[in-house]
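J.:
Number of protein chains: 2
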Amino acid sequence: MAAREFDPTTAPPPASPGTLARHAGQTLAEQLAAQFTERIRQRLLAPGARLPSVRECARRHGVSPHTVVAAYDQLLAQGLVEARRQRGFFVRDAQHRPATPSSAPALTPPVDATALIRGMFAGAGDRPAPGLGTLPPDWLDLPLLTSTLRRVLTQADPVAALQYGHPSGDPRLRNALAVRLADFGVRAEPRQIITATGATHALDLISRTLLRPGDAVLVDEPAWAVEYARLTQLGVRLLPVPRTPDGPDLAVMAALVQAHQPRLYVTVSVLHNPTGGSLSLGTAHQVLKLAEAHDFWVVEDDTYAHLAPPHLPRMAALDGLQRTLYVSGFSKILSPGWRVGFLAAPQTLVERLVDTKLLSTLTTPALLEQAMALCLEQGALRRHAERVVQRLDGARQRTVQLAEAHGCRFVTPPAGLFGWVDTGTDTEALAQAMHDDGWLLAPGHLFHARRQPTTLMRINFATSQDAGFWRAYARVRQRR
Amino acid sequence: MAAREFDPTTAPPPASPGTLARHAGQTLAEQLAAQFTERIRQRLLAPGARLPSVRECARRHGVSPHTVVAAYDQLLAQGLVEARRQRGFFVRDAQHRPATPSSAPALTPPVDATALIRGMFAGAGDRPAPGLGTLPPDWLDLPLLTSTLRRVLTQADPVAALQYGHPSGDPRLRNALAVRLADFGVRAEPRQIITATGATHALDLISRTLLRPGDAVLVDEPAWAVEYARLTQLGVRLLPVPRTPDGPDLAVMAALVQAHQPRLYVTVSVLHNPTGGSLSLGTAHQVLKLAEAHDFWVVEDDTYAHLAPPHLPRMAALDGLQRTLYVSGFSKILSPGWRVGFLAAPQTLVERLVDTKLLSTLTTPALLEQAMALCLEQGALRRHAERVVQRLDGARQRTVQLAEAHGCRFVTPPAGLFGWVDTGTDTEALAQAMHDDGWLLAPGHLFHARRQPTTLMRINFATSQDAGFWRAYARVRQRR
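Top to bottom, those sequences are chains A and B. Heads up: the first sequence begins at 1 in full-length UniProt numbering, then just goes up one per residue. Heads up: the second sequence begins at 1 in full-length UniProt numbering, then just goes up one per residue.
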């Protein structure tokens with residue numbers, strides 16, 4: 001699992017739990033140094049934090065003190081840590097770390113956000129991770145995915161899947177998606193649909209096509225940090241709009257629109273991450289009226305589409321894809337690793353979006369798109385989604401009971417995959433303490449455009465039913 | 001094949017050559033309109049060009065005149081063509097076409113370049129396409145690719161391929177790549193390697209990470225238009241350096257460096273596209289000295305690595321990945337459609353590059369990367385590449401004879417996949433005329449940073465051995 005590859009300190013390779021293994025081309029010291037580098041990157045070891053003593057580290061990892069000294073030397077050489085006389089080794093501030101060549105551009109990527117995001121990928125070993133952003137692996141339908149791929153490999157024209165393919169994406173998948181979108185009332189021609197390497201790529205294509213540095217963009221707050229980070233990297237100004245249970249706060253949005261003339265508004269309308277809330281029909285209508293009056297685009301990220309009741313309104317359905325761009329994918333229902341996502345756009349934008357796709361990746365893997373088309377065409381995805389939704393309903397019920405019994409308050413009514421809860425304590429510190437215990441949390445500051453202390457956190461209903469987790473949570477809360 | 005999807009006018013579905021077929025959800029008129037839209041987009045019908053008369057078009061496509069009128073009406077409604085009284089329908093200028101909302105940003109993507117690139121994808125039906133940028137499909141080892149994918153599906157931990165995977169890319173592939181790079185003398189640790197959705201994506205990640213609008217970038221001229229287009233879209237200034245048989249013209253490069261302080265130099269060092277030339281050891285050394293003295297990065301695109309003799313020098317080998325970023329992939333040897341590429345970068349840049357990757361696509365499809373790792377580990381790729389090189393040697397010999405017999409002069413000594421030839425006539429017009437005959441060419445203006453008339457064109461040695469092509473070429477040349 002991906003989880004294992006990230007933080008070997010807490011999730012060692014299965015063969016040799018808790019210790020390092022000698023393997024080709026990397027000494028034990030190099031491996032140990034790499035582990036610390038990763039933890040520093042992920043901010044699990046924050047600037048100023050002290051590394052364990054040489055003796056303690058040697059004991060934990062089952063290596064000689066000499067190996068630890070060699071590893072710490074490498075971290076020193078990389079400028080990641082500094083030695084303080086008589087006190088030990090400490091993580092340095094990122095801005096004090098060296099970069100070469102000397103003229104490396106001053107444009108700093110949003111390291112902080114991405115470091116946190118990487119932490120989210122890390123998981124914390126084999127335990128269920130309440131901070132996880134996807135369904136747990138054992139909820140996925142592996143036989144379905146495997147058999148579908150096999151069928152694509154034995155199809156009539158397997159050579160097709162080896163070629164670059166259509167710049168807009170596999171035609172069969174785009175046909176199937178057009179049919180699927182009609183279920184939500186979103187009427188898109190296949191030629192309005194462009195596939196992408198996951199919904200993230202679709203959002204990136206849109207941002208790159210429609211935005212220039214200095215543009216203003218409305219975003220929900222809270223929302224998923226990747227979106228903030230990407231927009232920040234593009235040099236645009238974020239205009240956070242508080243998310244109410246019904247959708248964006250319309251009064252705040254109207255004021256921001258007046259003051260800043262935004263170019264677009266990016267939102268998750270249905271089963272919003274992290275609150276689980278969905279846009280009401282009335283709010284959707286008001287947002288579109290604002291967009292029309294002030295001439296901005298709406299980007300509707302419908303990543304959680306398959307977990308939602310079909311009746312929930314989509315802005316793209318109201319608007320007929322005139323002013324909205326619709327984005328979705330399959331990472332939250334079929335397979336994050338296939339990286340199949342897509343967008344549906346107004347016809348007038350399609351050509352420019354395909355241009356941006358060509359410049360970013362030429363095309364996308366036809367093989368995986370054809371397999372996805374099969375899943376859609378034959379109803380397999382629909383049946384799988386129905387099972388998942390049912391299972392998730394049960395998990396949500398159990399998790400809500402456990403969470404409330406442990407003093408958590410749901411800020412928005414529990415729905416979909418995520419719960420947004422108030423813990424009553426600073427969740428950044430809480431997440432750090434829980435991580436030391438081997439549990440991954442998703443603290444609230446991950447979801448804010450401006451970093452600030454918060455007592456909120458996001459929990460994944462599918463992975464937070466474990467009584468052991470809540471016992472650990474109670475212990476850590478008590479210590480604080 | 002992808003070729004068919006693009007220009008159905010010249011490459012109709014196999015079932016009904018030359019005519020349109022009624023299929024679900026699209027009328028004949030809509031299909032016909034879509035075909036013209038595509039041709040206009042690809043600039044096969046340039047602004048000002050006249051559409052065929054209604055009667056002629058109806059005859060060609062085997063539909064009623066009424067259907068043609070309906071299709072032309074759709075093109076009119078889309079603003080793609082205009083009706084001129086008594087004269088017929090003419091393609092409008094792109095800038096006169098409508099866009100909504102009215103405030104669509106003024107940033108125009110390099111439509112011209114990408115339109116041409118799309119044409120390159122199109123092919124011209126089932127005939128061999130001398131303008132093709134890849135190996136023809138029947139040169140690929142389909143059984144190898146299929147059996148490798150099957151093996152990945154039945155491996156010990158198939159769940160791993162469903163998860164997001166490591167942000168840097170599949171660890172097994174990165175290990176295999178590190179071993180492979182050592183063959184060229186490029187010493188990269190697996191942690192310096194980042195996978196991408198094809199080499200194009202790797203180049204895009206580098207540009208986005210290192211460049212800001214207004215930066216100056218050295219590029220080869222001629223070179224592949226996608227690179228020019230991407231850099232232009234990022235708002236950087238291109239500094240074209242003429243490509244000599246030995247590599248970049250050093251005197252021009254030195255002068256440009258003095259005058260513009262470029263941030264980086266992007267080049268294909270080995271089997272350069274389109275000239276087929278490779279960097280000499282001496283030129284490589286001089287370029288690196290310039291880069292060091294003037295503090296710019298070198299991006300070495302080694303897309304044709306597998307077709308080259310192993311002894312050809314790579315700048316990343318000379319430089320030890322200090323100031324160079326190495327990019328390659330498998331589109332030119334195993335499968336364009338898998339979209340597996342990678343970069344190897346100085347350790348100090350890795351973290352920022354991974355950040356950019358996370359923001360652009362989160363991760364890349366682990367399944368295809370694991371299959372690629374298998375191909376590398378077991379020597380299958382090496383054996384396949386040896387067979388391809390041998391076959392290409394024969395094809396090159398035959399093509400050179402045919403080309404020279406038809407008055408083409410090789411500007412650089414024939415090598416690798418591409419020949420760069422002087423035809424003695426304007427190749428843009430030549431390509432247009434040949435396309436009407438069903439042959440895809442790659443005219444020289446595709447490879448120039450500043451569009452200008454040229455008598456040069458690129459031919460693919462694997463797809464230009466057909467005597468029928470050269471007969472058609474001779475006919476078209478004679479008419480001109």
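Each residue gets a CB set at the ideal place from its N, CA and C atoms; glycine is no exception.
How would you write the range of the alpha helix (DSSP H) that Q71 of chain A sits in, first residue to last?
T.: If you number the first sequence from 1, residue 71 of chain A lands on position 71. Checking the displayed sequence, the identity of residue 71 of chain A turns out to be Ala instead of Gln. Where A71 of chain A is concerned, the enclosing alpha helix (DSSP H) stretches over P65 to A77.
J.: So that I know if they touch, is there some Cβ in chain B lying closer than 8 Å to that of E377 of chain A?
T.: Looking up residue 377 of chain A in the first sequence gives position 377. Not one chain B Cβ lies under 8 Å of E377 of chain A.
J.: Which residues in chain B have a C-beta closer than 9 Å to the C-beta of D437 of chain A? List them in chain order.
T.: Here residue 437 of chain A refers to the residue found at position 437 when the first sequence is read from its first residue. What D437 of chain A touches in chain B: nothing, since even the nearest Cβ is about 23 Å away.
J.: Count the other C-beta atoms from every protein chain shown that fall within 10 angstroms of the C-beta of H62 of chain A, then say buried if there are 16 or more, exposed otherwise.
T.: On the first sequence, position 62 is the one that residue 62 of chain A refers to. Here the sequence assigns Gly to residue 62 of chain A, which means His is not the residue at that position. Exposed, because fewer than 16 other Cβ atoms sit within 10 Å of the Cβ of G62 of chain A.
J.: According to DSSP, is I206 of chain B part of a helix, a strand, or is it coil?
T.: The count along the second sequence starts at 1 and reaches residue 206 of chain B at position 206. Reduced to three states, the DSSP call for I206 of chain B is helix.
J.: Do three or more CB pairs link the segment 288–296 of chain A to the segment 254–266 of chain A at distances below 8 Å?
T.: Yes, since at least three Cβ pairs between the segment 288–296 of chain A and the segment 254–266 of chain A fall closer than 8 Å, the two stretches touch.
J.: Nearest-angstrom Cα distance between P274 of chain A and E428 of chain A?
T.: Along the first sequence, one-based indexing puts residue 274 of chain A at 274. Along the first sequence, one-based indexing puts residue 428 of chain A at 428. The straight-line gap from Cα to Cα measures roughly 16 Å.
J.: Using a Cβ cut-off of 8 Å, pull out every chain A residue sitting near R191 of chain B, in sequence order please.
T.: The residue given as residue 191 of chain B occupies position 191 in the second sequence. Simply A34.
J.: Contact defined as beta carbons within less than 8 Å: I believe E227 of chain B pairs with V287 of chain B. What is the distance between those atoms, to the nearest angstrom?
T.: Looking up residue 227 of chain B in the second sequence gives position 227. Looking up residue 287 of chain B in the second sequence gives position 287. The Cβ separation is near 17 Å, so there is no contact.
J.: For W338 of chain A, return the contacting residues in chain B, with the cut-off set at a CB-CB distance below 8 Å.
T.: Sequence index remark: in the first sequence, residue 338 of chain A carries index 338 (1-based). Near W338 of chain A (Cβ distances below 8 Å), the residues of chain B are L162, P365 and L367.
J.: Which residue from A:G48, A:R127, A:T146 and A:F184 puts its Cα closest to that of Q465 of chain A?
T.: Residue 465 of chain A sits at position 465 when you count from the first residue of the first sequence. Ranking A:G48, A:R127, A:T146 and A:F184 by CA distance to the CA of Q465 of chain A puts A:R127 first.
J.: Keeping to the same chain, check which residues put their C-beta closer than 7 Å to that of A83 of chain B; ignore five residues upstream and five downstream.
T.: For the purposes of this step, residue 83 of chain B is taken as the residue at position 83 of the second sequence. Taken in chain order, the residues that qualify are L76 and F89.
J.: Quick one, are the C-beta atoms of L211 of chain A and V179 of chain A less than 8 Å apart?
T.: The residue given as residue 211 of chain A occupies position 211 in the first sequence. The residue given as residue 179 of chain A occupies position 179 in the first sequence. Taking 8 Å as the Cβ cut-off, L211 of chain A and V179 of chain A do not qualify as a contacting pair.
J.: Please state the DSSP three-state secondary structure of R97 of chain B.
T.: As a position in the second sequence, residue 97 of chain B is number 97, starting the count at 1. Reliability of the predicted coordinates at R97 of chain B is poor, the pLDDT of 47 falling under 50, and the value obtained from them is presented with this limitation in mind. Residue state, collapsed to three classes: coil.
J.: Contact criterion: CB-CB distance below 8 Å. Does P136 of chain B meet it with respect to chain A?
T.: Locating residue 136 of chain B in the second sequence gives position 136, counting from the first residue. Taking Cβ atoms only, chain A never reaches closer than 8 Å to P136 of chain B, which makes this a no.
J.: Would you decide whether T463 of chain A is buried or exposed? Buried here means 16 or more other CB atoms lie within 10 Å of its CB.
T.: Looking up residue 463 of chain A in the first sequence gives position 463. By the 10 Å Cβ count, T463 of chain A comes out buried.
J.: Secondary structure at W297 of chain B, three-state DSSP: helix, strand or coil?
T.: On the second sequence, residue 297 of chain B is found 297 positions in, with the first residue counted as 1. Three-state result, W297 of chain B: strand.
J.: Should S328 of chain B be flagged as near chain A, meaning a C-beta pair shorter than 8 Å?
T.: Counted from its first residue, the second sequence places residue 328 of chain B at position 328. With 8 Å as the cut-off, S328 of chain B does not count as an interface residue toward chain A.
J.: Using a 10 Å radius around the Cβ and a threshold of 16 neighbouring Cβ atoms, would you call Q452 of chain B buried or exposed?
T.: By 1-based counting over the second sequence, the position of residue 452 of chain B is 452. Q452 of chain B comes out exposed.
J.: Tell me N460 of chain B's beta-bridge partners as DSSP assigns them.
T.: Residue numbering aside, residue 460 of chain B sits at position 460 when the second sequence is read from its first letter. N460 of chain B pairs with B:F418.
J.: What residues are listed by DSSP as bridge partners for I194 of chain B?
T.: By 1-based counting over the second sequence, the position of residue 194 of chain B is 194. Bridge partners of I194 of chain B: B:L343.
J.: With a threshold of 8 Å between beta carbons, is H384 of chain B in contact with chain A?
T.: Walking along the second sequence from the start, residue 384 of chain B turns up at place 384. Not one chain A Cβ lies under 8 Å of H384 of chain B.
J.: Is L362 of chain B close to chain A? Criterion is C-beta to C-beta, closer than 8 Å.
T.: By 1-based counting over the second sequence, the position of residue 362 of chain B is 362. For L362 of chain B, the answer is yes, since a Cβ of chain A falls inside 8 Å of its Cβ.
J.: Using a cut-off of 9 Å between C-beta atoms, extract the partners of H448 of chain B located in chain A.
T.: The residue you call residue 448 of chain B lines up with position 448 of the second sequence. Those within 9 Å of H448 of chain B in chain A number zero; the least Cβ separation is about 18 Å.
J.: Cβ of T148 of chain B within 8 Å of Cβ of E369 of chain B?
T.: Along the second sequence, one-based indexing puts residue 148 of chain B at 148. Along the second sequence, one-based indexing puts residue 369 of chain B at 369. Not closer than 8 Å, so no.
J.: For the candidate residues A:L325, A:T37, A:R339 and A:H384, whose alpha-carbon lies nearest to that of S207 of chain A?
T.: Numbered from its first residue, the first sequence carries residue 207 of chain A at position 207. Of all alpha-carbon atoms in A:L325, A:T37, A:R339 and A:H384, the one lying nearest the alpha-carbon of S207 of chain A is that of A:L325.
J.: Can you tell me the Cα-Cα spacing of residue 486 of chain A and H166 of chain B, whole angstroms?
T.: No statement about residue 486 of chain A is possible, as the shown extent of chain A runs from 1 to 480 and does not include it.
J.: Within the same chain, show all residues whose beta-carbon is closer than 6 Å to that of A308 of chain A, passing over the 5 residues directly before and after it, in chain order.
T.: Position 308 of the first sequence holds residue 308 of chain A. V270 and L271, listed in sequence order.
J.: From the DSSP secondary-structure annotation, give me the bridge partner or partners of V219 of chain B.
T.: Position 219 of the second sequence, counting from 1, holds the residue named residue 219 of chain B. Beta-bridge pairing links V219 of chain B to B:P240 and B:V266.
J.: Between which residues of its own chain and M434 of chain B is the CB-CB distance below 6 Å, once the five residues before and five after are set aside?
T.: As a first step, residue 434 of chain B must be located in the second sequence, where it is residue number 434. Taken in chain order, the residues that qualify are L441 and V476.
J.: Decide if T303 of chain B is buried, meaning its Cβ has at least 16 other Cβ atoms within 10 Å, or exposed.
T.: As a first step, residue 303 of chain B is located in the second sequence; it is residue number 303 there, counting from the start. By the neighbour-count rule (16 or more Cβ atoms within 10 Å), T303 of chain B is buried.
J.: Locate the beta strand (DSSP E) running through T324 of chain B, then write down its first and last residues.
T.: As a working mapping, residue 324 of chain B is identified with position 324 in the second sequence. T324 to G329 is the span of the beta strand (DSSP E), which, as asked, contains T324 of chain B.
J.: Please report how far the alpha carbon of L376 of chain A lies from the alpha carbon of S335 of chain A, in whole angstroms.
T.: The count along the first sequence starts at 1 and reaches residue 376 of chain A at position 376. The count along the first sequence starts at 1 and reaches residue 335 of chain A at position 335. L376 of chain A and S335 of chain A: Cα-Cα distance of roughly 14 Å.
J.: Looking at C-alpha atoms only, which residue of B:Q261, B:D246, B:Q233 and B:P245 is the closest neighbour of L239 of chain B?
T.: Along the second sequence, read from residue 1 onward, the residue named residue 239 of chain B stands at position 239. Among B:Q261, B:D246, B:Q233 and B:P245, the Cα nearest to that of L239 of chain B is on B:Q261.
J.: Assuming V327 of chain B contacts M372 of chain B (C-beta within less than 8 Å), just tell me the rounded distance between them.
T.: Reading the second sequence from its first residue, position 327 is the one you call residue 327 of chain B. Reading the second sequence from its first residue, position 372 is the one you call residue 372 of chain B. Not a contact, Cβ separation roughly 15 Å.
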